[in-house]
Structures are given as structure tokens and as C-alpha cells.
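Quick note on the numbering used here: the sequence shown kicks off at 678 and runs consecutively.
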Amino acid sequence: MGILDEDVARVREATDLVALAGEHLALKRIGRRYTGLCPFHTEKSPSFTINPELGVYYCFGCQARGDAITFIREVEHLDFVEAVERLSARAGITLRYDDASFSKERARKQRLHEAVTESIGFYHRLLLDDDEAGGARRYLRGRGFDGDAVRKFSLGFAPDSYDRLSVHLQQSKFSRDDIVAAGLAFVNKSNRLQDSFRARLMFPIWDGRGEAVGFGGRTLTDQGPKYKNSAETPIYHKSRLLYGLNWAKGEIVARGEVVLCEGYTDVMAFHLAGVPNAVATCGTALADDHFAILKNLARKITLAYDADAAGQAAAERCYTWEQRFEVQFQVADLSKGRDPADVWKDDPAELARAVGDATPFLEFRIDRLLDAADIVGLEGRARAAEQAAALIGEHPSDLVRDQYVMSLAGRLDIDADRLRSAVARSRAGERQTLRERDPEDGRSGTGPAPGQAVDRRELDALRWAIHAPEIVGSRIDAAMFADPLARTAFEALAGADEFLDAIGGSAPEVAALIERLAVEDPEASGEDQETLVRHVVVNLVDASSRRLLESMLRTGDERSPALKALIDVLVSERDAGDWKAAEVAAEQLVGWQTDVAEWR
Ligand SMILES: [Zn+2]
């Protein structure tokens, strides 16, 4: 049941996966592949890879894989049929269905889009020409928007009439059902169609694909709420819409940043001021659903609310979003108490500047606090420090908190430790979030103390074991790893046939380390892989041998001079640039380590 198989195949063939994926993430060509940051999991270095010849993708980080249809399904949360329909529309292919009900559902949504499109044209013509729209035109001019802006954003005017739009749509052969289902009118008590919007300035809303879905209407009288939006319909889901996304999508991806404002005129102002990556929520606060769209497009979210609103934006939610979706909030510092559209009218350049100078959320809040505080006197300074410490205490990352503590200590000329304890007090009761290693796991006597970071060279060796297991295979041995966690991870990788088995069969902590390293590239510096792996082996063995030597010296082991001599060979060959000879020494050292481990 669904779309005919041969049509699905035609759509698959006609779709360029690189072009399609490029609309959702920035891709970089590397040899014959394309890579980018994976849209299906959060990562900092690209592990999402496309093979354009085969038309398939694979993510080394989360193992997401598939073709163009899978890609669009997962990235836009569609079912199979919707995904094929989306791609067929792009490729200009008309689909045939083996069940009439599918065609009907699709055709119905299409009619609703058409009814909204027709209404946009109707309202737009009224705004441009109708006598009754004089007030709306004056309002727009007063806010600095001219005829070009009206045309660019297809603004419209809903007249103060019961049914002018409904009559027009019915004359244009739209059925009562469709008009009502599209949220353009409702059936009133006398069983007649009555327009949903009256005496309002109309902002048409398109979804991210560019399909017309509804309206936001601003009142021109003092009647009713200031803004009114389309009701939820089969095509209008306010929690999943961002006004302006149809225009901004490409720029958001290209810049890796989205400017988020609160109102329709704010979005217009930013676009006219040369900041084309601005969008706004549609009559609803920013919520989890919006991130389903945003996190696939950009990691940096610049809040361009008026300064008071931005300062009050719930810190806790922002930090939660930052962690959950790996996005980063910053705040554009607009003149106090003014929204972007007002700023634009006076000085368009200030908008671009405010976005360019945006500061991280916490920094913005501290700046505002200190700007308002009296920090000249001793007591005022202490009070400001106490309040700022409370703001810092809300941030979930101890590293970030400490950075702010240091900076604030300098700014207020207050002892950093005093400030640190003020932050700690404000966090009192919160659980320590630092992950601590299970002491049971510390099996190796020569390994680093629990909680200590894994050696950088060991991490790199693991990366190679993940990314190029065929090369690393026999060259690296578990005994080379001093860190018990790294060693267990290596054993899991070496013992599994498939990468996924290594993760599946491991303890959560080990699996997490492997997964993390899988999305990171091994350290590479332009040499061939063979040489690079040789570097890894030599450096790894150098480190583990020195640790072995240290422990032998501590226990007065009589074999330590022989071990030291062998390490010296490795070092001198390496320093002379003969990595091959250094690797021979390394192999002998591995033999040593294995023997010593057995003797103990
Ligand atoms: Zn991924």
C-alpha cells in the first residue's frame, strides 16, 4: 500500500543526496567523499559522510545510514510516503499510488496550501490598493516599511468585513470545507462562513519548504488581542513553525547561526538590514519542538529580543537546551527596552552590529547586572558580587563557572576564592555532576589515578583502532595502554568483528568512550596512514614504557637499566626521524611490558 515501487526508484535516482543534505548541514568535500556535522546526533567534528557515487550516507558517530529517502525521513521526521512525496516534488516527478486514499490525503493538504496562497494574494492586493487599507499602510510607513518591503514579505490587509475573503475563495472554487479546514474562516451561528481575520494587518507564514500555511494578524483597532494567529490546522502547527524560515534557511545553514526574534516586523527589519538569517516563533514561546528544526540547521542561536526580555529569558531552560541540543545561546545587545523593528527604523546598521557583537547568555546577564549596580563603593561591589555569583551558579558547567569567576574577580577586584565559595553557596543542594570513575575499575597499578584524564596518545591510538582497524590491528597491543578504561576499550574493539559489537558488548563507560572517539578524527598531519600509525605506536609505547620504568625504579627492580637503554634507543631513532627503527624498538618494549606483566 502506498507509492508504486517504480516511482520510488525514480525519485531515489533523481535525487542528488549531496545537494539534499547540503540544505540541512554544511558539507565539505574531502577526496571523493563529503563530510559534515551529523544532523542525527550532536558532535563537534564531522563524522557524517556521503558517498555521492552510491547515493548513501554513513555516520561514524551514531551509525545513522541510508539513502536520500531515509535522510529526509529522519531529518524532517516524516513517514516513508511523506518523504518520497517531498523528494518527488523537488525532482518534479508525479507519483502514482496503489491506494486511492493516499492520493486523497495528499491532494487535500495541497488544496489547503492553495487556499492559503490564494488568500495571501487577496489580502496583499487589498493592502496595496484598497481605500479601507489606508490605516494599515500608514501604520507600516510609520514603522519604516515601504512598498518594497510590503511586496517582499507579501504583507496583506484583512478588511473589517464578515466574509469578504470567504466570498472570494468560494468564487475561486474553494469548498466550504477546505476554507474552514485551512483556518481561513469558520461557520457562524447562522451557518454562514465568517472570515477568521478582520481589520488586521496580515503577515503570511510559510513553512520551511516554502508552502503557505497560515497567517499572523496584527490588530489595527484597539479591539481584541494585538496579535492573532491561524488556528492549528492539518498544515499549520504553530510549535513547529518559524516565521521567515522559508527565506532564511539557506543563510542559517551557511552562517551556522540563527537570529531568533519575537515578532514578524522584527524578522522583516533584520532581513532588510542585511541579516537574512533571522526568524521568529509564531505566537508561541520557544519550545523543544523548535529545536527539532533548529539544531539541524545551526548550533549558534542569537536571541534578538528586546534587552529586558532577553535578560529575563529563563536561564535554566536555555542551559538545558544548550546541553540537550548542543546549541549555544548568545544575546544581541539591543538598546534597552526597544525591539529590533524600532532599532531598525532609526539605525539599520545597529541591528547587524548587535548580532555581530552578541555575547554568551551568561556574560550578557552579568554585564546587565553590573551596568545597573553601584560598584564604586565597597558595599555595592560586595552586593553585586553576591548577585553575580548567583547568576554564575545557575550555569551547569563547572569549567564555564570557573571562567566567569576568574573574570568577575578581576572586574570587581574581589578575591577569586571568595567568589568561588559564593558561587558554591548559591549552588548548595545541587548534586555534583562531575562523572567519577568507579574505583573498582582501577585494575592497573601503573595506571593513572581514578578520575584522571586518559592520556592524549592513548586516545589517539583508540581513534585509529576505530577508524582504521585494518592498519592498526596487529601493531597495537592492549598492554600498551596504561589507562584501564582505554585498555578495556581497546580490548573491546580488538575482540569485536563489527564496530557496533564493540559498543554493544561493553560497559556503558567504555561504550561512551568508544562512541565519543568514533566521531573524532585521529590526529593527522598530512603524512600517509602507514607513517601516522607508526607515530601512534611509537608514542604510545614511549609513554607506557616510561610509566613502567618509573614503577620499576620505585620498587628497585634490577632490570630497570636494561629497560631504560631500550627506551633511549626508541627516543634517539625517533628524534633522528627514523620512525621505522623506532617502531622496532617499540616492538621490543612491548615484549618487555608483556613479560613484566606476567611476572607480577
Ligand atoms: Zn551521527
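The beta carbon of each residue, even a glycine, is placed where N, CA and C say it ideally should be. On a predicted model such as this, the values are computed, not experimentally measured, just so you know.
Using alpha carbons as the reference points, say which of the options lies closest to residue i.
i	options	result
residue 1220	1188, 1270, 846, 1178	1270
residue 1245	1265, 811, 1234	1265
residue 1141	761, 1081, 1209, 1078	1209
residue 1016	770, 760, 981	981
residue 730	719, 750, 722, 709	709
residue 1186	1098, 827, 1161	1161
residue 942	1011, 872, 879	879
residue 690	795, 733, 809	733
residue 881	915, 973, 830	830
residue 1040	846, 714, 1255, 1081	1081
residue 997	849, 1190, 965	965
residue 698	739, 1043, 753	753
residue 695	679, 680, 721, 746	746
Please list the terminal residues of the continuous beta strand (DSSP E) segment that includes residue i.
i	result
residue 707	705 to 707
residue 934	934 to 938
residue 1083	Per DSSP, residue 1083 belongs to no beta strand (DSSP E); it is in the alpha helix (DSSP H), 1075 to 1089.
residue 880	877 to 883
Kindly indicate the opening and closing residues of the alpha helix (DSSP H) around residue i.
i	result
residue 1038	1038 to 1049
residue 904	Counting along the chain, residue 904 falls outside any alpha helix (DSSP H), though it belongs to the beta strand (DSSP E) covering 904 to 906.
residue 716	No alpha helix (DSSP H) contains residue 716, which DSSP labels as neither H nor E.
residue 1146	1146 to 1149
residue 1011	Neither: residue 1011 is in no alpha helix (DSSP H) and is coded neither H nor E.
residue 870	Careful: residue 870 lies outside any alpha helix (DSSP H), inside the beta strand (DSSP E) at 870 to 872.
residue 692	Where residue 692 is concerned, there is no enclosing alpha helix (DSSP H), given that its DSSP letter is neither H nor E.
residue 1189	1185 to 1195
residue 1172	1161 to 1172
residue 1156	Counting along the chain, residue 1156 falls outside any alpha helix (DSSP H), and DSSP gives it neither H nor E.
residue 1101	1093 to 1103
residue 838	Premise fails: residue 838 is in no alpha helix (DSSP H) and is neither H nor E.
Mind checking who residue i pairs with in its DSSP beta bridge?
i	result
residue 1207	The partner list for residue 1207 (beta bridge, DSSP) is empty, contrary to what the question assumes.
residue 680	774
residue 734	727, 743
residue 956	937
residue 977	934, 1005
residue 710	707
residue 889	883
Can you look up residue i in the DSSP assignment and give me helix, strand or coil?
i	result
residue 919	strand
residue 1022	helix
residue 826	helix
residue 862	strand
residue 896	strand
residue 1053	coil
residue 1281	For residue 1281 there is no data in the structure shown, the boundaries of the chain being 678 and 1277.
residue 1242	helix
residue 1033	helix
residue 819	helix
residue 1236	coil
residue 754	coil
residue 1063	helix
residue 765	helix
Work out the CA separation of residue j and residue i for me, nearest whole Å.
i	j	result
residue 1138	residue 758	44 Å
residue 1175	residue 735	15 Å
residue 868	residue 748	46 Å
residue 1114	residue 687	Per-residue confidence for residue 1114 stands at a pLDDT of 30, beneath the threshold of 50, marking its modelled position as unreliable; no derived number is given.
residue 969	residue 821	34 Å
residue 711	residue 931	16 Å
residue 1243	residue 1166	28 Å
residue 917	residue 884	9 Å
residue 1031	residue 1006	14 Å
residue 782	residue 858	13 Å
residue 755	residue 935	23 Å
residue 945	residue 807	23 Å
residue 1057	residue 737	53 Å
residue 817	residue 802	15 Å
residue 765	residue 833	32 Å
residue 866	residue 853	15 Å
residue 762	residue 772	8 Å
residue 1225	residue 1153	17 Å
residue 1147	residue 1173	13 Å
residue 1018	residue 948	11 Å
residue 657	residue 1072	Since the first residue shown for the chain is 678 and the last is 1277, residue 657 is missing from the structure and cannot be characterised.
residue 1124	residue 1273	Caution applies to residue 1124, whose pLDDT of 34 falls short of 50 and renders its modelled position unreliable; the model cannot decide the point.
residue 1156	residue 1088	50 Å
residue 952	residue 723	27 Å
Can we count residue i as close to ligand 2, meaning its CB is less than 7 Å from some heavy atom?
i	result
residue 725	Looking at this structure, you won't find ligand 2 anywhere; what it does contain is ligand 1.
For residue i, would you say it is in contact with chain C, using Cβ-to-Cβ distances shorter than 8 Å as the test?
i	result
residue 1265	The structure shown has no chain C; it contains just one protein chain.
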